[in-house]
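Numbering (full-length UniProt numbering), first residue to last: 1 to 209.
C-beta: ideal position from N, C-alpha, C; glycine also.
Some notes on the structure that comes next.
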Amino acid sequence: MTTEAAAGTVDLTVMYAAHDAFRRDLERLGDAAADGTAFTPQVRAGWDNFRHQLHIHHTAEDSDLWPRVERRVAGRPRDVALLAEMEAEHALLDPQLTAVDAALKDRSAELPALVRTLASTLDDHLAHEEESALPLIQEVLTPADWGAFTGRIRKTQGVRGAALFVPWIVDGAPPADRARFLGALPPPVRVLNKLFWETGYRRRGLWGA
């Protein structure tokens, strides 16, 4: 996870950490599909949380982030086209998510193949975003712009959502990535996570952990 931000630029630490968590969860689902444990309540709970987090993430990007960037790149056709690609890639993921969800509910033998397809599509999208859209964000948005976007996500999540989101992000993260992510959060959030949220998260047993 490369997230270092210079003073006065947008800090994308949380964005990269979320991308890493999405990739991690689909790897876990793929492993569960391969070893026959995908239909357990714990894996299902992990999948439901993954879908919830991805929905919040992509909805906020489509409704707030990409329009905000588009206003800054008006008159730059290549950049406007890139933002349209981001939204199109989100739409491409929707039927694949639905297919995996149905396969889990139906205990379908097609689940492993469907998960591989979803993981490939999502990874391609995240890589495209990291290589092209995130540098554009750092070029044209201010920290205040970024704060307005992340504030929208925080409002959507609420305190209860944050109590799940924060420990979910750091679940299984390498120590350096964990420290970097937590260091980007306000001190009270770090305290709540240490004292209460991670314990509650572990009790959920997502993915059979």
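(message) Suppose the cutoff is 7 Å on Cβ atoms and the five residues either side in sequence are ignored; what does the same chain contact list for Ala103 look like?
(response) Glu110, Leu111, Leu114
(request) Check whether the Cβ atoms of Val159 and Leu185 lie closer than 9 Å to each other. (result) no
(message) Quick check for students: name the residue ranges of the alpha helix (DSSP H) that lie wholly in the UniProt domain "Hemerythrin-like" (13–137), counting only runs of 4 or more.
(response) 13–35, 41–60, 66–72, 77–106, 111–128
(request) May I ask you to verify whether the stretch 88–103 touches the stretch 120–132, counting CB pairs closer than 8 Å and requiring at least 3? (result) Touching, per the Cβ criterion.
(message) Assess contact between the stretch 50–64 and the stretch 141–159, defined as three or more Cβ pairs (one per stretch) separated by less than 8 Å. Is contact present?
(response) yes
(request) Decide if the stretch 39–57 is in contact with the stretch 16–27; the criterion is three or more beta carbon pairs, one per stretch, under 8 Å apart. (result) yes
(message) For His19, count the other beta carbons within 10 Å of its own beta carbon; 16 or more makes it buried, fewer makes it exposed. Which is it?
(response) buried
(message) Excluding the 5 residues flanking Leu206 on each side, which residues of the same chain have their C-beta closer than 8 Å to its C-beta?
(response) Gln42, Ala45, Gly46, Asn49, Trp168, Asp171
(message) In whole angstroms, give me the CA-to-CA distance for Leu83 and Pro67.
(response) If you draw a straight line from the Cα of Leu83 to the Cα of Pro67, it is about 8 Å long.
(request) Write down the C-beta distance between Gln96 and Thr117 rounded to the nearest angstrom, noting that I regard them as a contact closer than 8 Å. (result) That belief holds up - the Cβ atoms of Gln96 and Thr117 are roughly 6 Å apart, short of 8 Å.
(message) Using 8 Å for Cβ pairs, my map puts Thr13 next to Arg180. What's the rounded Cβ distance?
(response) Contact holds; Cβ gap of about 6 Å.
(request) Please work out which residues of its chain come closer than 6 Å, Cβ to Cβ, to Phe39, disregarding the five sequence neighbours upstream and downstream, and give them in chain order. (result) Excluding sequence positions up to five before and after Phe39, its CB lies within less than 6 Å of the CB of Arg107, all in the same chain and listed in chain order.
(request) Under 7 Å Cβ to Cβ from Ala133, same chain only, skipping five residues before and after it: list those, please. (result) So the qualifying residues of the chain are Leu82, Met86.
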